[in-house]
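Residue numbers (our numbering), protein chains in the order written: chain A, 2 to 414; chain B, 7 to 133.
Step one of this worksheet: look at the structure below.
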């Protein structure tokens with residue numbers, strides 16, 4: 002085994018000028034400080050030993066001798082891939098794009114899901130047109146039994162674009178499944194479109210307007226969480242990507258302002274702030290696996306959406322979880338997800354919390370690694386994290402993070 | 007919109023392997039031709055679809071530069087990255103553990119299979 006050298010200093014510290022003019026400086030373990038322009042200039046020029054700013058910045062671990070190597074190692078072990086125990090979310094596509102899964106295939110998929118080692122699993126069943134109901138019904142019933150037999154935790158989620166018939170809704174409620182509305186933000190957020198679901202996955206296309214209105218409507222309808230998803234056009238078109246990023250950032254700003262009255266959570270922001278790869282929604286293999294109606298296993302739903310075989314891992318009937326490292330895609334994903342080897346990620350202020358699914362990079366730029374300079378997904382993550390980190394000194398933002406269960410002490414000092 | 011775009015770039019900045027890796031990311035959208043002298047590469051991009059060759063050339067050079075920086079970065083942090091990735095691939099994918107109850111008591115396994123078959127039958131009747 003290679004013995005790693007202990008770092009003598011962790012610098013240089015990444016910095017970013019945020020909207021409003023403050024400068025965010027972040028240490029190697031993700032601790033951050035917001036500086037004024039004058040403070041940052043003084044820091045760059047060199048601080049005297051007695052300068053109070055020096056003590057404040059030393060707590061970030063960015064000076065030689067002040068770097069906390071033990072904390073860095075602890076961070077890597079607790080939040081890094083060494084503590085990974087299998088994907089957390091399994092997306093079973095019971096009916097999509099006109100294809101429906103059979104109950105037998107749903108059984109094979111659930112059997113594979115329960116061969117993965119994570120103690121608590123989330124099974125998200127997607128029934129786009131209602132024709133996948135037999136497979137969805139079976140998957141929900143069988144997964145509940147498998148969880149009970151194995152003594153494992155299971156969260157069931159049912160995703161549909163419209164309200165399921167009452168008897169199906171009653172079945173889902175009886176199985177404690179969460180209903181997730183798959184919507185588009187084109188058009189106003191009329192209450193009828195929200196159909197009493199608890200969670201929402203909302204696609205942001207070019208026609209999406211009024212993020213504040215959407216946040217207010219979802220909060221009023223007592224939704225627990227929302228995930229803003231970029232429309233496929235935003236994958237390649239920079240203007241569409243900027244529109245999505247602005248929408249998501251404005252929605253987050255509204256959530257911060259309305260934190261006292263709203264219980265709505267932003268799933269992507271929450272996943273990024275958790276700083277654990279298995280909590281970043283849609284992160285190939287580490288957070289998610291997706292299962293096509295014919296039983297093919299994909300490294301993520303986005304990987305399935307791309308089409309072709311690039312993100313296929315095998316067939317749920319024959320694939321064994323322990324064989325995955327031998328699949329050429331898996332080492333490639335593991336390498337692509339190593340932020341330390343990405344030139345711009347390694348120097349990014351958000352390197353301790355941000356991760357971008359390689360399938361998203363591949364869709365946008367034809368490479369698993371992505372080019373961060375013109376990556377649409379990087380732009381969106383930056384906008385979302387800027388919304389939060391630019392308000393790290395705002396009581397409302399800290400209260401919101403507290404309400405979401407985010408340990409803001411990890412970021413602030 | 008142009009069908010062909012050409013440029014020359016210094017070999018000290020763009021390695022052959024970086025340009026080759028970058029050409030792969032263009033996929034079927036373009037053909038890339040590479041020539042050169044001692045100091046510079048001559049690069050030509052032929053658009054194969056509706057894409058503008060100048061834009062595709064820009065994408066190629068961005069990707070090549072990104073690839074070359076990534077290779078340099080990989081060299082710098084190789085011990086750390088190798089330790090984490092190899093540990094993940096070696097230990098992160100354990101084999102499924104069989105239910106001890108089913109192994110100790112075969113009847114439990116039989117009952118569960120029967121219950122599953124009934125569920126399957128009921129699910130099929132919902133179609």
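For glycine and all other residues, C-beta sits at the position ideal for the given N, C-alpha and C.
Tell me the rounded alpha-carbon separation between residue 42 of chain B and residue 21 of chain B.
12 angstroms
Under 8 angstroms between beta-carbons, which chain A residues line up against residue 33 of chain B? List them in chain order, please.
367
Output the boundary residues of the beta strand (DSSP E) element that contains residue 260 of chain A.
It is not in any beta strand (DSSP E) - residue 260 of chain A carries neither H nor E in the DSSP assignment.
Three-pair Cβ contact test at 8 angstroms for the region 69–82 of chain B versus the region 67–77 of chain A
no
Quick one: does residue 47 of chain A have its CB under 8 angstroms from some CB of chain B?
no
First through last residue of the beta strand (DSSP E) which encompasses residue 193 of chain A
Residue 193 of chain A -> not in any beta strand (DSSP E); alpha helix (DSSP H) instead, spanning 192–195.
Taking only beta-carbon atoms, is residue 11 of chain A less than 8 angstroms away from chain B?
Legend: pLDDT at residue 11 of chain A = 43, less than 50; position of this residue unreliable, value from coordinates given subsequently. It does not; no Cβ of chain B falls within 8 angstroms.
Residue 29 of chain A - DSSP class collapsed to helix/strand/coil:
coil
Label residue 227 of chain A either buried or exposed according to how many other C-beta atoms from any shown protein chain fall within 10 Å of its C-beta, with 16 as the threshold for buried.
buried
Apart from the five residues just before and just after residue 315 of chain A, which ones in its own chain have a Cβ nearer than 6 angstroms to its Cβ?
298
Along the chain, where does the beta strand (DSSP E) that runs through residue 313 of chain A open and close?
313–316
Over what stretch of residues does the beta strand (DSSP E) that includes residue 59 of chain B continue unbroken?
Careful: residue 59 of chain B lies outside any beta strand (DSSP E), inside the alpha helix (DSSP H) at 59–82.
Any beta carbon from chain B within less than 8 angstroms of residue 8 of chain A's own beta carbon?
Its pLDDT being 46, under 50, residue 8 of chain A is placed unreliably in this model, and the coordinates cannot settle the point.
Residues bridged to residue 372 of chain A [DSSP beta-bridge criterion]
Answer by DSSP bridge pairing: none, since residue 372 of chain A is not bridged.
Between the region 47–68 of chain B and chain A, which residues of the former have a C-beta closer than 9 angstroms to a C-beta of the latter?
65 and 68
Please say whether residue 135 of chain A and residue 87 of chain A have beta carbons closer to each other than 8 angstroms?
no
Where the beta strand (DSSP E) through residue 292 of chain A begins and ends
289–292
Can you have a look at residue 18 of chain B and say buried or exposed, based on whether 16 or more other CB atoms are within 10 angstroms of its CB?
exposed
Closest to residue 79 of chain A by CA distance: which of B/57, B/90 and B/45 is it?
B/90
Return the residues of the region 283–309 of chain A that lie within a Cβ-Cβ distance of less than 7 angstroms from chain B, sorted by chain order.
none
Could you give the DSSP three-state label for residue 403 of chain A: helix, strand or coil?
helix
Where does residue 297 of chain A fall in DSSP's three states?
strand
Nearest residue (CA-CA) to residue 107 of chain A, options A/84, A/98, A/74 and A/142
A/142
For residue 2 of chain A, I'd like the list of residues in its chain whose CB is within less than 6 angstroms of its CB, leaving aside the five on either flank, ordered along the chain.
With a pLDDT of 48 at residue 2 of chain A, under the threshold of 50, the modelled position of that residue is not reliable, and the figure given next carries that caveat. Answer for residue 2 of chain A: no residue qualifies.
Measure the alpha-carbon distance for residue 53 of chain A versus residue 72 of chain B and round it to whole angstroms.
39 angstroms
Cα-Cα separation between residue 102 of chain B and residue 46 of chain A, rounded to whole angstroms:
57 angstroms
Can you grab the Cα-Cα spacing for the pair residue 379 of chain A / residue 19 of chain A, in whole Å?
15 angstroms
Hey, how far is the Cα of residue 365 of chain A from the Cα of residue 231 of chain A?
12 angstroms
Check residue 272 of chain A in the structure and name its three-state DSSP category.
helix
I want to see whether chain A comes within less than 8 angstroms of residue 120 of chain B, judged by CB atoms only; does it?
no
Would you list, in sequence order, the uninterrupted beta strand (DSSP E) runs of no fewer than 3 residues that lie entirely inside the region 170–244 of chain A?
179–185, 200–205 and 226–231
Using a C-beta cutoff of 8 angstroms, does residue 76 of chain A count as contacting chain B?
no
Please determine whether the Cβ atom of residue 141 of chain A lies at a distance below 7 angstroms from any heavy atom of the ligand ATP.
This structure lacks the ligand ATP; in fact it carries no ligand of any kind.
Check the Cβ-Cβ distances between residue 83 of chain A and every residue of chain B, and say whether any is below 8 angstroms.
yes
Decide if residue 37 of chain A is buried, meaning its Cβ has at least 16 other Cβ atoms within 10 Å, or exposed.
exposed
Listing by chain order, which chain B residues have their CB less than 7 angstroms from the CB of residue 116 of chain A?
102
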